[in-house]
Amino acid sequence: TLDYLEVVDGGVDSGGAGASFFSIGIDLDLAALAGLDGAALGVEAYHVGGGNPSEGAGDYQSISGLSLTENRTQLAQIWYEQRLAGDALRVKLGKIDAFAEFASSATAGAFVNTSVSWSPVHASMPTYPETAFGALAWWQASEAWAFGLGVFDGAEQIGKTTGSLGPATLFGPPSDAYAIAEVQRSWSLGGTRAGSARVGCAHHTGDFARFDGGSDDGATIAYVVVDQVLMRECPELGDDAQGWSGFLMFGFADPDVSEVEQHVSLGATRLGWIDGRDADACGVGATWVGFSGEAGFGESSETAFEVFYEWSFAGWGTVKPDVQYVVNPGGDGAVEDALVVGARLSLVL
Numbered sequence: 460t461l462d463y464l465e466v467v468d469g470g471v472d473s474g475g476a477g478a479s480f481f482s483i484g485i486d487l488d489l490a491a492l493a494g495l496d497g498a499a500l501g502v503e504a505y506h507v508g509g510g511n512p513s514e515g516a517g518d519y520q521s522i523s524g525l526s527l528t529e530n531r532t533q534l535a536q537i538w539y540e541q542r543l544a545g546d547a548l549r550v551k552l553g554k555i556d557a558f559a560e561f562a563s564s565a566t567a568g569a570f571v572n573t574s575v576s577w578s579p580v581h582a583s584m585p586t587y588p589e590t591a592f593g594a595l596a597w598w599q600a601s602e603a604w605a606f607g608l609g610v611f612d613g614a615e616q617i618g619k620t621t622g623s624l625g626p627a628t629l630f631g632p633p634s635d636a637y638a639i640a641e642v643q644r645s646w647s648l649g650g651t652r653a654g655s656a657r658v659g660c661a662h663h664t665g666d667f668a669r670f671d672g673g674s675d676d677g678a679t680i681a682y683v684v685v686d687q688v689l690m691r692e693c694p695e696l697g698d699d700a701q702g703w704s705g706f707l708m709f710g711f712a713d714p715d716v717s718e719v720e721q722h723v724s725l726g727a728t729r730l731g732w733i734d735g736r737d738a739d740a741c742g743v744g745a746t747w748v749g750f751s752g753e754a755g756f757g758e759s760s761e762t763a764f765e766v767f768y769e770w771s772f773a774g775w776g777t778v779k780p781d782v783q784y785v786v787n788p789g790g791d792g793a794v795e796d797a798l799v800v801g802a803r804l805s806l807v808l
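Per the working numbering, the very first residue in the sequence shown carries number 460; after that it's consecutive.
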C-alpha cells in the first residue's frame with residue numbers, strides 16, 4: 460500500500476509526502492494441515508517506510524493511517540487460535556494486533572485518515588505499529604450476542620517498541636498490562652440490512668503523568684462503535700454487498716492524563732455506485748476530537764472531513780483518490796485550516 464498526500468492550502472507547510480506499507484502474511488488451518496480441530500496459526504510481517512504527511516498538515520488525528528515517525532521492519536503478529544465448544548468459544552494467544560479484535564468498525568476501515576476508523580482515545584492500545592504479546596477470548600453466546608476479553612503487554616506506554624520486540628516485556632519490566640473488554644450486539648433490519656453495536660472499555664495499569672504535575676496509577680477509556688447497512692442494491696441476493704453502509708463511533712478518556720478527552724467519527728460508504736463498476740467504492744466521513752482543557756492546546760478541538768473514490772482494477776488492486784479538509788489542525792489557532800489531496804494505491808497478491 461502506498462499513500463501520497465499533499466497540502467495544497469493552509470496547514471504548517473505546503474507540499475506532499477508519501478508513506479508505504481508492505482505486508483506478507485499467512486493464516487494456516489491446522490485442522491486441515493495437522494488434524495487439530497478448530498486450530499489456526501497466523502503470521503504477519505511488514506515494512507513501513509516513507510514520510511509523514513501530517514508534518515505538513517500539522518494535524519493531530521493523522522491524515523494517513525500508514526504514517527510513522529521512523530521506518531520499521533518487524534514481525535508484527537504470530538499467534539495460535541483455538542475454537543472450542545462447537546466454535547462458540549475462540550481463544551487466541553501470541554503477538555496480536557488488538558485493534559483487529561476490539562473496537563473496530565466493519566465500515567470505517569476504507570478511509571485514509573487514521574481517526575475516522577480508529578479513535579485516538581485508544582492511545583495505549585497494542586496496535587499498529589506497536590502490536591504486543593497477549594491473550595484474548597471471544598464467546599459467541601447467541602446469534603445476537605458476543606463477549607470479548609483481552610489482556611496484553613502494556614510496555615508501549617513507557618516507550619517500548621513492542622511491535623518490534625519479542626515477549627520479554629510481557630513478563631516485565633515494566634510489569635504493566637493493557638486489558639480490554641467488549642460486548643457486541645448484532646441485528647438485521649428487515650432481514651436484509653445487518654447492523655451491530657460494540658460497547659467496551661479498556662484499562663492500562665501503568666503510571667500516567669497528569670497535566671497538573673502529579674501522576675495516576677492506571678488509566679481507563681470507554682468506546683462505542685455502531686455499524687449499519689443502510690441500503691442494499693439487490694437484497695434478494697443473499698451474498699450481494701452492493702449498497703450504502705454507515706458507521707458511528709464514540710470514545711471517552713480521562714482528561715487529567717489524556718490529550719484527547721472525547722472523540723466522535725461518522726460516515727458512510729457505497730459499494731458499486733456506478734453501473735458496471737461493482738467492486739468500486741466511495742465514502743464520505745468526518746472525525747472530531749475534543750482536547751483536554753488541561754493539555755495546553757490553543758483550540759478546544761480538531762475536525763477532519765474526508766471524501767474518497769476507490770477504483771478497483773484487475774481483481775487485485777485499487778487506486779483511491781482522496782480529499783481531506785482539517786479544521787484547527789493540531790488544536791493550534793495559529794495554523795490555518797488545511798486542504799489535503801492525494802491518493803492511495805493498494806495491491807493484494
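The beta-carbon is built from N, C-alpha and C at its ideal position, and this holds for glycine as well.
Buried/exposed call for residue i, threshold 16 Cβ in 10 Å
| i | result |
| --- | --- |
| THR532 | exposed |
| VAL716 | buried |
| CYS693 | exposed |
| SER513 | buried |
| TRP604 | exposed |
| LEU543 | exposed |
| VAL807 | exposed |
| ILE557 | The sequence shown places Ala at residue 557, not Ile. With 16 or more Cβ atoms within 10 Å of its Cβ, ALA557 is classed as buried. |
| GLU718 | buried |
| LEU648 | exposed |
| ALA763 | buried |
| TRP703 | buried |
| GLY484 | exposed |
| ASP698 | exposed |
| SER574 | buried |
| HIS722 | buried |
| GLY673 | exposed |
| GLY618 | exposed |
| TRP577 | buried |
| LEU624 | buried |
DSSP state of residue i mapped onto helix, strand, coil
| i | result |
| --- | --- |
| LEU489 | helix |
| ALA793 | coil |
| PRO585 | coil |
| ILE617 | helix |
| SER526 | coil |
| LEU696 | coil |
| THR566 | coil |
| GLU465 | strand |
| THR777 | strand |
| PHE558 | helix |
| SER717 | coil |
| ALA605 | strand |
| ALA516 | helix |
| PHE630 | helix |
| VAL550 | strand |
Interface flag, residue i vs chain B, CB-CB below 9 Å
| i | result |
| --- | --- |
| LEU464 | No chain B appears in the structure shown, which is made up of a single protein chain. |
Within 9 Å, strictly: CB atoms of residue i and residue j
| i | j | result |
| --- | --- | --- |
| ALA569 | PHE767 | yes |
| ALA614 | PRO633 | yes |
| GLY517 | GLY477 | no |
| ALA656 | SER583 | no |
| VAL610 | ALA638 | yes |
| ALA440 | SER724 | For residue 440 there is no data in the structure shown, the boundaries of the chain being 460 and 808. |
| ASP635 | PRO626 | no |
| TRP747 | ASP739 | no |
| ALA668 | HIS581 | no |
| GLU769 | VAL778 | yes |
| VAL502 | ASP781 | no |
| GLU761 | GLY792 | no |
| ARG549 | GLN536 | no |
| ALA814 | ALA547 | Outside the modelled stretch of the chain, which goes from 460 to 808, sits residue 814, for which no answer is possible. |
| GLY710 | ALA727 | no |
| GLN701 | ASP737 | yes |
| ALA797 | GLY545 | no |
| ALA504 | LEU534 | yes |
Sequence-distant residues of the same chain with beta carbon closer than 7 Å to residue i, five excluded per side
| i | result |
| --- | --- |
| GLU720 | ALA712, PRO714, GLY749, PHE750 and SER751 |
| GLN616 | SER583, ASP635, HIS663 and GLY665 |
| TYR463 | GLY475, GLY477, GLY801 and ALA802 |
| ASP676 | ASP666 |
| SER771 | ALA738, ASP739 and THR777 |
Close Cβ partners of residue i (< 6 Å) along its chain, the five nearest in sequence each way excluded
| i | result |
| --- | --- |
| PHE592 | LYS554, ASP612, PRO626 and LEU629 |
| THR586 | ASP556, ALA557 and PHE558 |
| LEU495 | LEU489 |
| SER479 | LEU461, GLY508 and GLY509 |
| GLY776 | LEU806 |
| THR651 | ARG691 and PRO694 |
| VAL467 | LEU798 and VAL800 |
| TYR784 | PHE764 and LEU798 |
Beta-carbon contacts of residue i that lie in its chain and below 8 Å, excluding the five residues immediately before and after
| i | result |
| --- | --- |
| ALA596 | LEU548, ARG549, VAL550, LYS551, GLY607, LEU608 and GLY609 |
| GLY757 | GLY790, ASP791, GLY792 and ALA793 |
Segment contact, 8 Å Cβ cut-off, at least three pairs: the region 516-536 with the region 486-494: no
Meets three-Cβ-pair contact criterion under 8 Å: the region 635-650 and the region 553-565: yes
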